[in-house]
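This report refers to the structure that appears directly beneath it.
Numbering (my numbering), first residue to last: 19 to 271.
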């Protein structure tokens, strides 16, 4: 159950249409489901506003299927599976309605929500080779109800490509800047935008790139203000964080 569904349940108790004992039973059985090989966190939607995500790497196709099927039984409208192999996708598709993107290895079971974020999330890449990580970020953000603008192959090797999208940069609420090599894209965008920039280093690059370490260090040392950095190739983490920012209203302490 998500926060909206919990609120509706409490309103039913207040209105007298749901007995308190029935509500208490649902609350007591919510925290997690014991599956033997996994403990499904069914309470995460109410704690964090976003349901648990299935990390597919290292799990067998049948384990992924069983977890996803249990989430569907728990009334999750959208189930997100990351780092999913084609073999696992084929297996899950045999029993569930799965949409699978082989580029970023994301699987989605269920319906995509209508965007309800405050503004737009821009996902930009330095090059075409960064697209697998970018699509992981973009699809994650879309699964959590955000409008996403994709700006791919706008790296510093051809600055005019980025400058032709200045309006998108200036009107974004959050920007995810994804780049390998030396990772300069995040600093350039950070110097242009008035919104948070989430930098994602990728493992794309030649030998001295050290599997993304050079981009990671460049982004961590960015002189542009408002730039935060997630781990190498962590498109999911960037998309998740961008969604959280895009759903935050102004708060008074």
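Positions of the beta carbon are idealized from the N, C-alpha and C atoms, including for glycine.
Out of 161, 137, 171, point me to the one whose CA is closest to residue 190's CA. Distances from the CA of residue 190 to each of 161, 137, 171 were compared; the closest alpha carbon is that of 137.
Quick check: residue 197 and residue 145, are their CB atoms within less than 9 Å of each other? yes
Report yes if the CB atom of residue 159 is closer than 9 Å to the CB atom of residue 166, and no otherwise. yes
Mapping DSSP to helix, strand and coil, what is residue 69? coil
On the DSSP bridge assignment, give the partners of residue 80 in chain order. According to DSSP, which records beta bridges pairwise, residue 80 is partnered with nothing at all.
Identify, in the order they occur along the chain, each residue of the same chain with its Cβ nearer than 6 Å to the Cβ of residue 211, setting aside the five sequence neighbours on each side. Answer for residue 211: 187, 193, listed in chain order.
So which of 117, 254, 243 has the shortest CA-CA distance to residue 213? 243
Where does residue 200 land, buried or exposed, given buried means 16+ other C-beta within 10 angstroms? buried
Going by alpha carbons, who is nearest to residue 331 out of 162, 58, 121, 262? Because the chain here runs from 19 to 271, residue 331 falls outside it and cannot be looked at.
Contact check, residue 195 vs residue 215 under 8 Å by CB: the rounded distance? 6 Å
Would you kindly report the start and end of the unbroken beta strand (DSSP E) that includes residue 219? 215-219
How is residue 172 classed by DSSP in three states: helix, strand or coil? Three-state result, residue 172: coil.
Kindly list the residues whose CB is nearer than 8 Å to the CB of residue 275, restricted to its own chain and excluding five residues on each side of it in sequence; keep chain order. An answer regarding residue 275 cannot be provided, because it is not within the stretch 19 to 271 covered by the chain.
Express the C-alpha separation of residue 41 and residue 178 in angstroms, rounding to a whole number. 58 Å
If you draw a straight line from the alpha carbon of residue 271 to that of residue 265, how long is it in whole angstroms? Its pLDDT being 44, under 50, residue 271 is placed unreliably in this model, and the value from its coordinates should be taken loosely. Each residue's alpha carbon lies about 18 Å from the other.
9 Å Cβ cutoff met for residue 85 and residue 106: Against a cut-off of 9 Å, the Cβ pair of residue 106 and residue 85 comes out as no contact.
Counterpart residues of residue 109 in DSSP-defined beta bridges: In DSSP, residue 109 forms no bridge with anything.
Once DSSP output is grouped into helix, strand and coil, what is the label at residue 129? In this structure, residue 129 counts as coil in the three-state DSSP scheme.
Look up residue 36 in the DSSP assignment and say whether it is helix, strand or coil. coil
Report the rounded CA-to-CA distance for residue 182 versus residue 35, giving the unit in angstroms. 56 Å
What residues in its chain sit with their C-beta under 7 Å from that of residue 170, if we drop five residues either side in the sequence? 143, 146, 149, 152
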